[in-house]
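K.L.:
Line by line, the protein sequences give chains A and B.
Following our numbering, the numbering of the first sequence begins with 1 at its first residue and continues without gaps.
Following our numbering, the numbering of the second sequence begins with 1 at its first residue and continues without gaps.
The beta carbon of each residue, even a glycine, is placed where N, CA and C say it ideally should be.
Dropping the structure in here first, questions after.
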Amino acid sequence: MRRALRWLLPLSAVPVIVLLAYGFRTNPRDVPSPLVGRPAAPFALTTFAGEPVSLESLRGKVVVLNFWASWCYPACYEEAPVLERGWQSTRDRGVVVLGVDIQDTAEKARKFMEDFRITFPNAPDTTGKVSIDYGVYGVPETFFIDRRGVIRAKHVGAVTEEVFRTNVERLLADPA
Amino acid sequence: MTPELGQGVLLVALGLALYGGAAAAAGGRLGRPALLESAQHAALGVFGLLTLAFALLVYAFLTFDFSIRYVAGNTNLGTPFYYRITGVWGALEGSIVLWGWMLALYTLILVLRQRERARELYPWALAVMLGVLAFFLFIMTLAAPPFARLTPVPADGRGLNPLLEDTGMITHPVALYLGFTGFTVPFAFAVAALVTGRLGDAWIALTRRWTIVAWYFLSLGLLIGGWWSYHVLGWGGYWAWDPVENAAFMPWLTGTAFLHSVMIQERRRMLKLWNVALVVLTFALTLFGTFLTRSGVIASVHAFSQGTVGMFFLAFLALVLLVSLGLLAWRWDALRSQGQLDSVVSRESAFLLNNVLLVAAAFTVFFGTVFPLLSEALRGVKVSVGAPFFNQVNVPLFLGLIFLMGVGPLIAWRRASPDNLRRNFLAPVAVGVVAAALFFALGVRSALAALSLALTLFVAATIALDVVRATRARRRNGEGVLRALGTLVTRHNRRYGGFVVHLGILVIALGVTGSQAWSVQTETTLRVGEAAELAGYRIRFDGLAAREESNHFKVVGRFTVSNGTSRPGIMQPSKKFYPQEQTPIAGVDYWIGLKEDVYLVLGDFARDGSQATIKVQVNRLVTWIWIGGAVLTLGALLAVMPERRRAA
Chain A
1 MRRALRWLLP LSAVPVIVLL AYGFRTNPRD VPSPLVGRPA APFALTTFAG
51 EPVSLESLRG KVVVLNFWAS WCYPACYEEA PVLERGWQST RDRGVVVLGV
101 DIQDTAEKAR KFMEDFRITF PNAPDTTGKV SIDYGVYGVP ETFFIDRRGV
151 IRAKHVGAVT EEVFRTNVER LLADPA
Chain B
1 MTPELGQGVL LVALGLALYG GAAAAAGGRL GRPALLESAQ HAALGVFGLL
51 TLAFALLVYA FLTFDFSIRY VAGNTNLGTP FYYRITGVWG ALEGSIVLWG
101 WMLALYTLIL VLRQRERARE LYPWALAVML GVLAFFLFIM TLAAPPFARL
151 TPVPADGRGL NPLLEDTGMI THPVALYLGF TGFTVPFAFA VAALVTGRLG
201 DAWIALTRRW TIVAWYFLSL GLLIGGWWSY HVLGWGGYWA WDPVENAAFM
251 PWLTGTAFLH SVMIQERRRM LKLWNVALVV LTFALTLFGT FLTRSGVIAS
301 VHAFSQGTVG MFFLAFLALV LLVSLGLLAW RWDALRSQGQ LDSVVSRESA
351 FLLNNVLLVA AAFTVFFGTV FPLLSEALRG VKVSVGAPFF NQVNVPLFLG
401 LIFLMGVGPL IAWRRASPDN LRRNFLAPVA VGVVAAALFF ALGVRSALAA
451 LSLALTLFVA ATIALDVVRA TRARRRNGEG VLRALGTLVT RHNRRYGGFV
501 VHLGILVIAL GVTGSQAWSV QTETTLRVGE AAELAGYRIR FDGLAAREES
551 NHFKVVGRFT VSNGTSRPGI MQPSKKFYPQ EQTPIAGVDY WIGLKEDVYL
601 VLGDFARDGS QATIKVQVNR LVTWIWIGGA VLTLGALLAV MPERRRAA
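This is the structure:
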């Protein structure tokens, strides 16, 4: 028995190798979420600027709901300028980018927003309820919500220019 | 011409390494000295050819030979002379050449120093070294050829990554690779011991000094990396738990564990299996580190390219793990301990606990690093594991390690008597407790900082106690204090070298504690003439200047900094704009002090120079981290000196 067991030692390396090999094969950014196609969970938060914001109040607009944290490096750092530019270029056409800061301190979050000169509304999820409702597993995650309040796409990882543009344009093209 | 020559040289070297490895193994197996002799010549040849290849690459960089893709990608006509040399290892292809050259150098030293000793182990160790070399040469000839041609030949190159234009970046990879490659030697001897079945202390005794050298360079590499990050990246920190930093830190943790656990095997014939496993793990982790950096599997600031190199590294990693762990399983019975743990309160168990904590730390770092991959594989979700996780799990482990650093060297082997404990630890514990109380009275309100400082002082007290006692014992023979101390340190250089290294670690711990607990920062926008204030410093913005440098455009902010006591000084943080980069690079300006550093980073500014955003940090005790590195260097030097005990 013991003689056989010892061979578990070299075998124990196999799962690790398989896991690392798996890393080459995936594009984790195409993950289907069960929430896509469902109505987005309602929420009401207070932004860092002190303004109340709720999903209800954004009905009729295309909403880009972005979950982030100041410690999420590098993905959140990569996407912050992309989101800001995206919001600047589409806000006149009825698009709202809304950041939800999770598991963070207000001080560090504010610094992050200052560093990247973020001007779109951002709110801390102080109770963690919103991130639970949206099934946020890690940051960053971004939900694209259409004018009727239905989640139409979910993106895991840093949002790129292309991801932002294709999703937002698709939802803008939808009749309200 | 150079590209073909370089490629050819590398191909011949690959052939030689393969032949030499096979010849050494055959020589070891058949006991034929002629084969071994031939393998040694092959090893010399590989070293010569790799030196030539390296020289050719340096030459190509110096002469701007843009017909070579790698040269064109990492230099341009504006790159200053010394950065053209260091640009050689600025990216993947050249790093592998440097890595291979160092490995060949270690192999050469092995041939020169060890061929007369360890007749049974040596051929197999040489075979393993040449085998690993062959792998790196294979990468150089196939997966990441440094001499690949670029057609048409461009008029100018792209230029070096500007972040790498820094002395820290010249030395950091060199030290790190010397550390990484250095661990190949103990690994090679461990495999040799497994193959030959000579699992006694011979391989450990032979590799002791190699291990210390590799460990030291790895430590140095980590420290220089921290220094580079601190004064170049402009975020005011020296460690961010980035996957690639972790990749270098993991073999350091397991290597440190190995350095300690071998002492138990030497003393008590225990932990044979464990020691072999630790060396295999350490070597595998150095490969894993390179895999991480070069595969793009895990997102990191350091992960640049997503070539095929990652797959080759993974395949090699798999081969190394399966073969060496397979050998381990095969020799299982011979590796069983002869000694036994007599008591929980003993030096063995202190060392054992030290190993458990170090390996636990390595495991948590590994887990945190691959967790994004794991969650992706199992849950289909990519996540980011941040500094909070690593700090939360590792801080208690490191505090435990510091405590053991005080206990281990002084507690008795086998079974510590209450008397031994009282004699060695009563005073140091008292020092620690009094220190904690004192810190509290002085207003240190961070429990973690107070605990860390108290532990540090406790360990320092144990070292002081030991040195004082041993010196006093020598003085009874009529030696003067200094002489007694001198002979003590040189005769027992291994023990006292270890103590000095411990002191270095304590000093580093002081710096880390101080900077984490008491650093402050602010960020503000100032008009010309306005001033910001932080921690007693007044920083006045005097204006902006711009100038053209050889390969970039530089905007310099001028600030007058005063703290009320000394004469005000000028600080000039800058922003550098490189044509090949989309974002500007910060040029940090800092004043370094024992108590605190003043650290200025220039942010955005108005084009007319009327206002600028400035980040000011006052970082406490950071300098002690670098001082600790110097102390550590001293200790490592002392520890690798030849033992002079017998001669005296």
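Taking one C-beta from the stretch 223 to 241 of chain B and one from the stretch 381 to 391 of chain B each time, how about it: are there three or more such pairs within less than 8 Å?
P.N.:
Yes, they touch.
K.L.:
Tell me which residues share the same chain as B/Phe138 and place their Cβ nearer than 7 Å to its Cβ, disregarding the 5 neighbours each side in the sequence.
P.N.:
So the list reads Leu14, once near-sequence residues are dropped.
K.L.:
Could you tell me the distance, in whole angstroms, from the CA atom of B/Thr462 to the CA atom of B/Met405?
P.N.:
B/Thr462 and B/Met405: Cα-Cα distance of roughly 9 Å.
K.L.:
Restricting to Cα atoms, I'd like to know which of B/Val356, B/Leu448, B/Asn424, B/Val359 is closest to B/Gln392.
P.N.:
Nearest of B/Val356, B/Leu448, B/Asn424, B/Val359 to B/Gln392, Cα basis: B/Leu448.
K.L.:
Does B/Ala43 pass the burial test, meaning 16 or more other C-beta atoms within 10 Å, or should it be called exposed?
P.N.:
Its Cβ being crowded by 16 or more others within 10 Å, B/Ala43 is buried.
K.L.:
Under the rule that 16 or more other beta-carbon atoms within 10 Å means buried, what is B/Tyr230, buried or exposed?
P.N.:
It is buried - the Cβ of B/Tyr230 has at least 16 other Cβ atoms within 10 Å.
K.L.:
Are the CB atoms of B/Val588 and B/Gly28 within a distance shorter than 8 Å?
P.N.:
No, the Cβ-Cβ distance between B/Gly28 and B/Val588 is not below 8 Å.
K.L.:
With a threshold of 8 Å, are at least 3 pairs of Cβ atoms found where one atom belongs to the stretch 29 to 48 of chain A and the other to the stretch 357 to 370 of chain B?
P.N.:
These segments do not touch.
K.L.:
If you draw a straight line from the alpha carbon of B/Leu650 to that of B/His492, how long is it in whole angstroms?
P.N.:
No answer is possible for residue 650 of chain B: the residues shown for chain B start at 1 and end at 648.
K.L.:
May I ask which residues mark the beginning and end of the beta strand (DSSP E) holding B/Glu533?
P.N.:
B/Glu533 -> beta strand (DSSP E) spans 531 to 534.
K.L.:
Just to confirm the assignment: which complete alpha helix (DSSP H) runs, minimum length 4, are found wholly within the stretch 21 to 63 of chain B?
P.N.:
Listed in chain order, they are 33 to 62.
K.L.:
With 8 Å as the threshold, decide whether the Cβ of A/Phe144 is near any Cβ in chain B.
P.N.:
So no, A/Phe144 is outside the interface.
K.L.:
Per DSSP, B/Arg620 forms a beta bridge with which residues?
P.N.:
Looking at the DSSP assignment, B/Arg620 forms a beta bridge with B/Glu596.
K.L.:
So with CB distances below 8 Å, who are the chain B contacts of A/Leu19?
P.N.:
Under the 8 Å cutoff, chain B gives Val370, Leu373, Leu374, Ala377.
K.L.:
State the DSSP-derived secondary structure class of B/Ile625, mapped to helix, strand or coil.
P.N.:
Helix, per DSSP.
K.L.:
Indicate the three-state DSSP secondary structure (helix, strand or coil) for B/Arg69 in the structure shown.
P.N.:
Of the three classes helix, strand and coil, the one that applies to B/Arg69 here is helix, per DSSP.
K.L.:
Beta-carbon of A/Pro121 versus every beta-carbon of chain B: anything under 8 Å?
P.N.:
By this cut-off, A/Pro121 is not an interface position.
K.L.:
Would you say the stretch 421 to 441 of chain B touches the stretch 368 to 381 of chain B, given that touching needs at least three Cβ pairs under 8 Å?
P.N.:
In short, these stretches do not touch, since the Cβ pair count stays below three.
K.L.:
Quick check on B/Ser562: does DSSP put it in helix, strand or coil?
P.N.:
B/Ser562 falls in the strand class under three-state DSSP.
K.L.:
With the cut-off set at 8 Å, would you say B/Ala546 and B/Arg540 are in Cβ contact?
P.N.:
No, they are not a contact pair.
K.L.:
Going by DSSP, name the residue or residues bridged to A/Asp101.
P.N.:
The partner list for A/Asp101 (beta bridge, DSSP) reads A/Trp68, A/Pro124.
K.L.:
Which same chain residues, not among the five before or five after B/Gly221, have their C-beta less than 7 Å away from its C-beta?
P.N.:
Cβ within range, chain order: His172, Ala175, Leu176, Gly179, Ala248.
K.L.:
With 7 Å as the C-beta to C-beta threshold (strictly closer), list the residues of the stretch 491 to 523 of chain B near chain A in chain order.
P.N.:
Hits within the stretch, in order: Glu523.
K.L.:
When you check each C-beta in the stretch 326 to 337 of chain B against every C-beta of chain A, which residues fall closer than 7 Å?
P.N.:
Taking 7 Å as the Cβ-Cβ cut-off against chain A, the residues of the stretch 326 to 337 of chain B that qualify are Gly326, Leu328, Ala329, Trp332.
K.L.:
If you measure beta-carbon to beta-carbon, which residues of the stretch 213 to 238 of chain B are closer than 9 Å to chain A?
P.N.:
Cβ contacts with chain A: none found.
K.L.:
Would you mind reading off the limits of the beta strand (DSSP E) that contains B/Arg527?
P.N.:
Its beta strand (DSSP E) spans residues 520 to 527.
K.L.:
Does the stretch 160 to 172 of chain A come within contact of the stretch 72 to 87 of chain A, defined as at least 3 CB pairs closer than 8 Å?
P.N.:
They touch, by the three-pair rule.
K.L.:
So B/Gly182 packs on B/Val213, CB below 8 Å; how close in whole Å?
P.N.:
The pair is a contact, with the Cβ atoms about 6 Å apart (cut-off 8 Å).
K.L.:
Between the C-alpha atoms of B/Thr471 and B/Leu485, what's the straight-line distance to the nearest angstrom?
P.N.:
Distance between the alpha carbons of B/Thr471 and B/Leu485 is about 6 Å.
K.L.:
Is B/Ser261 helix, strand or coil when you go by DSSP?
P.N.:
Helix, per DSSP.
K.L.:
Once you ignore the five residues that flank A/Ala153 on each side, which residues in its own chain have a CB closer than 7 Å to its CB?
P.N.:
Excluding residues within five positions, the ones whose Cβ falls inside 7 Å are Val36, Phe144, Asn167.
K.L.:
In whole angstroms, what separates the C-alpha of A/Trp71 from that of A/Pro140?
P.N.:
Going from the Cα of A/Trp71 to the Cα of A/Pro140 covers about 11 Å.
K.L.:
Examine the Cβ distances between the stretch 196 to 206 of chain B and the stretch 161 to 170 of chain B and report whether three or more of them are shorter than 8 Å.
P.N.:
No, they do not touch.
K.L.:
Report the residue from B/Thr107, B/Leu160, B/Gly87, B/Leu16 whose alpha carbon sits nearest the alpha carbon of B/Leu551.
P.N.:
A quick correction: the sequence has Asn, not Leu, at residue 551 of chain B. Closest option to B/Asn551, Cα to Cα, is B/Leu160.
K.L.:
Does the stretch 9 to 25 of chain A come close enough to the stretch 120 to 137 of chain A that 3 or more CB-CB pairs lie under 8 Å?
P.N.:
The stretch 120 to 137 of chain A vs the stretch 9 to 25 of chain A: no contact.
K.L.:
Mind listing the chain B neighbours of A/Pro10? Cutoff is C-beta to C-beta under 9 Å, in chain order.
P.N.:
Those are Leu321, Leu322, Val323, Ser324, Leu325, Gly326, Leu327, Leu328, Ala329, listed as they occur along chain B.
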